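Everything below concerns the one structure shown next.
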Amino acid sequence: MTGERNVRRLALASALAAALLWLFPYAWMLLTSLKTPQELLKAPTALPGAFRLSAYVEVFQSLPVARYVALTTVMALTIAALQIAIALPAAYALAKLDFRWRAAAFAFLLSALLIPAELRFVPTFTLFSALGLVNTLPALVLPFAVSAFGIFLLRQALLVIPDSLIEAARLDGASELYIVYRLLPPILAPALAAFFLVSFVHHWNDYFWPLVMTVDDRVRTLPLGIALLREQGSGVRWHIIMAGSTLLSLPALGLFAFTQKYLLRGLGSGVG
Amino acid sequence: MKPSRPSQPFWLLSPMLVALGVFFVYPLLSALRTSFYEWDLLTPARFIGLANYRAISSSGELLSSLCTTLLVSSIVVAGSLLLGLGLALAVHRPGRLAALARSAVFSAYVVSWVSVGLLFLWIFDADAGVVNQLLGSIGIAKVKWLTSTAVAPITVALIVLWKVTGYAMVVFLSGLSGLPPEMHEAAALDGAGPWARLRHVTLPLLRPTAAFVATTSLIASFQLFDVVRLLTQGGPVRSTTVLVYAIYEQLFRDLRVGRASALVVVFFVVLSALTWLKLRAFREEEPA
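As you go down the protein sequences, you meet chains A and B in turn.
For the first sequence, our numbering gives the first residue as -15, with consecutive numbering after it.
For the second sequence, our numbering gives the first residue as -12, with consecutive numbering after it.
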């Protein structure tokens, strides 16, 4: 049938066009980062004359990259750890225990999904500035201690785990804390991995919250630092800015390449 | 299951309840209260009733930032629906090219806004940017992608589209995988060609997925900030000042906490209305 063959051709052509349209900007970022200012001035769209990493060296010279990376990693890991520590008992109670106001507690949790950080930052900023917490790590971490998305994700995963498993552990004398933090995590591993990855990548990349909660270099994160490259110095600096962008996007892209399946499961669960 | 002690659920939920109270409920109530005050963070706050709301509406700030947000989000919503669906249909098949396209399109969703913002700042640079250079080489005049009030909001929307289409595509792909294959086979046996099957079988079945994508990208595009801050700082002449950017400026540029809070309250009302829309879209047709 020619109709079927045409459809197949159209699909392949669209896939090719999409791959080019989405990969070209990355290629451009990489190519620009290998150029010299002279090359950029003379012919901005020509290929770089040689493979050189001097723009990357300049990024490391003009910014404390190692410190930014360390701080951003600590922040994102702390957020993910806190979210999981709070989400496990909450998801267990919401999925497995019968109590009178369970539906109300769950509705309360879901309503938090409608309140993004962009709605919370003005009062949180004034609260933290009254407490002297602006420009500290707690200001970057605490407002994200609870993830409604994560609790929802774990609750869904817990619903399909048979009660008998938990009852058997109780008969063996296991405490509820043991059940929540020891028994359940290995069983919930796929959901926890998806939750961790989505949370880590999101907060590692985040620009908005660190921007409004920091005033100087003390707790500046990597995205903020890289964004500063645009404001520093003078003359043609696109090669340096693109080197910074490449450095910033590599960890997220690398994590994505190796954990695509889990990430997609986390994001495809419908509440992202 | 029965809790082992009656107080058990409360203890298990208490960390979540405390965090939700301090970082979700308190900020909203506090914004509502502060919206009735004049406050610059330095001198004591002064109660002024509804004056903040009057100020943001009579200055046109509220209307213009809402309209800008709507303009950008209508492009993002329509674009992510069409592109997301089209790409999902194209790459919903085995093969290396389809797999490459799936990963490439979705990867943009995983990369930091800062990288994406700086990258497109360079690509759309008026003089040395690759887009204008290519246009120039085929004799088309340079476009002021980010410095014209008419074009800048559209450029911003296109960049957002590049970043978020991968998410829409993934949702459509999971919708496509959920469709019963028998229906396609039956339609094919009845002699329906590929286009007829798409129109009469696939698209109607994907309606709930489309409703989900549309409302999700609508809500997400109302939260836009990063790309505006990185590319245009709200300009030229406020043409890209979206709602969140307007709130940010009131607080950090003008130190007007009261007006920022009034905008937050309006923003919350708009988001709640949009979410209600989302829930309704869901209830009408339960997605697969």
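Note that the Cβ used here is the ideal one computed from N, Cα and C, for glycine as well.
All values derive from a computational prediction rather than experimental measurement.
Inset, instruction - Let me know the secondary structure DSSP gives A:Tyr10 once reduced to three states. - result: Three-state result, A:Tyr10: helix.
Legend entry - Exposure of B:Val224, with buried meaning 16 or more beta-carbon neighbours within 10 Å: Counting the other CB atoms within 10 Å of its CB gives B:Val224 a total below 16, which places it among the exposed residues.
Inset, instruction - Classify B:Tyr24 as helix, strand or coil using the three-state DSSP reduction. - result: B:Tyr24 sits in a strand when the DSSP states are folded into three classes.
Legend entry - Beta carbon of B:Leu49 nearer than 8 Å to that of B:Val253: A contact, by the Cβ cut-off of 8 Å.
Inset, instruction - Just list the alpha helix (DSSP H) runs in the stretch 28 to 79 of chain B, keeping only unbroken ones of 4 residues or longer that don't cross its boundaries, in chain order. - result: The stretch 28 to 79 of chain B contains these whole alpha helix (DSSP H) runs: 38 to 45, 48 to 78.
Legend entry - Rounded separation between B:Trp109 and A:Val220 - CA only: Looking at the two C-alpha atoms, the distance is approximately 11 Å.
Inset, instruction - Give a yes or no on whether the C-beta atoms belonging to A:Lys80 and A:Ile171 are separated by under 8 Å. - result: Their beta carbons are not under 8 Å apart, which means A:Lys80 does not touch A:Ile171 by this criterion.
Inset, instruction - Could you list which residues in chain B have their beta carbon closer than 9 Å to that of A:Asn189, in chain order? - result: Residues of chain B passing the Cβ test: Val97, Val98, Ser99, Trp100, Val101, Ser102.
Inset, instruction - Pull up the distance between the alpha-carbon of B:Arg194 and that of B:Val214, whole angstroms please. - result: For B:Arg194 and B:Val214, the distance between alpha carbons rounds to 30 Å.
Legend entry - N- and C-terminal bounds of the alpha helix (DSSP H) containing A:Tyr40: In the DSSP annotation of this structure, the continuous segment of the alpha helix (DSSP H) that includes A:Tyr40 starts and ends at 38 to 46.
Inset, instruction - Give the secondary structure of B:Gly153 by DSSP, where H, G and I count as helix, E and B as strand, and everything else as coil. - result: It is helical.
Inset, instruction - Compare the C-beta of A:Trp193 against all C-beta atoms of chain B and say whether one is closer than 8 Å. - result: Judged by the 8 Å Cβ criterion, A:Trp193 is not in contact with chain B.
Inset, instruction - Spell out a yes or no on whether the stretch -10 to 1 of chain B and the stretch 104 to 116 of chain A are touching, meaning 3 or more CB-CB pairs, one atom from each, closer than 8 Å. - result: The stretch -10 to 1 of chain B makes no contact with the stretch 104 to 116 of chain A, as fewer than three CB pairs between them are under 8 Å.
Inset, instruction - Taking B:Ala268 as the query, report the chain A residues whose CB atoms sit under 8 Å from its CB, ordered along the chain. - result: The contacting residues do not exist; B:Ala268 stays about 13 Å from chain A at best.
Inset, instruction - Find the residues of chain B that neighbour A:Met13, judging by a C-beta separation of less than 7 Å, and give them in chain order. - result: Under the 7 Å cutoff, chain B gives Leu106.
Legend entry - Inter-residue CB distance, B:Gly71 and B:Thr152 (contact presumed, cutoff 8 Å): Rounded, the Cβ-Cβ distance is 5 Å, consistent with contact.
Inset, instruction - Within its chain, find whatever has a CB closer than 6 Å to the CB of A:Ile210; leave out the 5 residues flanking it on each side and keep chain order. - result: By the criterion of a C-beta distance shorter than 6 Å, A:Ile210 is surrounded in its chain by Gly228, Leu232, once the five residues flanking it on both sides are discounted.
Legend entry - Backbone CA spacing between A:Ala77 and A:Leu66 [nearest angstrom]: The straight-line gap from Cα to Cα measures roughly 17 Å.
Inset, instruction - State whether the stretch 204 to 219 of chain B contacts the stretch 135 to 148 of chain B, with contact taken as three or more CB pairs (one from each stretch) at a distance under 8 Å. - result: Yes, the stretch 204 to 219 of chain B touches the stretch 135 to 148 of chain B.
Legend entry - Terminal residues of the alpha helix (DSSP H) in which B:Glu172 lies: Here the alpha helix (DSSP H) through B:Glu172 covers 168 to 176.
Inset, instruction - With 8 Å as the threshold, decide whether the Cβ of B:Leu238 is near any Cβ in chain A. - result: Yes, B:Leu238 lies at the interface with chain A (some Cβ there is under 8 Å from its Cβ).
Inset, instruction - Can you have a look at A:Ala241 and say buried or exposed, based on whether 16 or more other CB atoms are within 10 angstroms of its CB? - result: With a 10 Å radius around the Cβ and a threshold of 16 neighbouring Cβ atoms, A:Ala241 comes out exposed.
Legend entry - Whole-angstrom distance between A:Tyr40 and A:Ile224, CA atom to CA atom: C-alpha of A:Ile224 to C-alpha of A:Tyr40: approximately 7 Å in a straight line.
Inset, instruction - May I ask you to list, following chain order, the residues of the stretch 243 to 256 of chain B that have a beta carbon less than 7 Å from some beta carbon of chain A? - result: Taking 7 Å as the Cβ-Cβ cut-off against chain A, the residues of the stretch 243 to 256 of chain B that qualify are Val244, Ala247, Ser248, Val251, Phe254, Phe255.
Inset, instruction - Please say whether A:Val130 and B:Ala32 have beta carbons closer to each other than 8 Å? - result: Their beta carbons are not under 8 Å apart, which means B:Ala32 does not touch A:Val130 by this criterion.
Inset, instruction - Could you tell me whether any Cβ in chain B is nearer than 8 Å to the Cβ of A:Val199? - result: So no, A:Val199 is outside the interface.
Inset, instruction - Look at A:Ala257 and A:Leu138 and say whether their C-beta atoms are less than 8 Å apart. - result: Outside the displayed range of chain A (-15 to 256) lies residue 257 of chain A, so it cannot be described from this structure.
Legend entry - Under the three-state DSSP convention, the category A:Asp156 falls into: A:Asp156: coil per DSSP, three-state reduction.
Inset, instruction - For the alpha helix (DSSP H) holding B:Leu213, just list the boundary residues, first then last. - result: The question names Leu, but residue 213 of chain B is Asp in the sequence shown. Note, B:Asp213: alpha helix (DSSP H), 213 to 218.
Inset, instruction - Could you list which residues in chain B have their beta carbon closer than 7 Å to that of A:Arg139, in chain order? - result: None at all; the shortest Cβ gap to chain B is about 11 Å.
Legend entry - Given 8 Å, three or more beta-carbon pairs between the stretch 111 to 131 of chain B and the stretch 152 to 161 of chain B: Counting Cβ pairs under 8 Å, fewer than three are found: no touch.
Legend entry - Same chain, Cβ closer than 7 Å to A:Leu167, five either side skipped, listed in chain order: Result list for A:Leu167: Ala153, Ala158, in chain order.
Inset, instruction - Give me the Cα-Cα distance between A:Leu37 and A:Ala50, rounded to the nearest whole angstrom. - result: Their backbone Cα atoms lie some 17 Å apart in a straight line.
Legend entry - Other residues of its chain near A:Thr62: CB distance less than 8 Å, five sequence neighbours each side excluded: The answer, listed in chain order, is Leu121, Val125.
Inset, instruction - List the endpoints of the continuous alpha helix (DSSP H) containing B:Ser94. - result: B:Ser94 -> alpha helix (DSSP H) spans 83 to 97.
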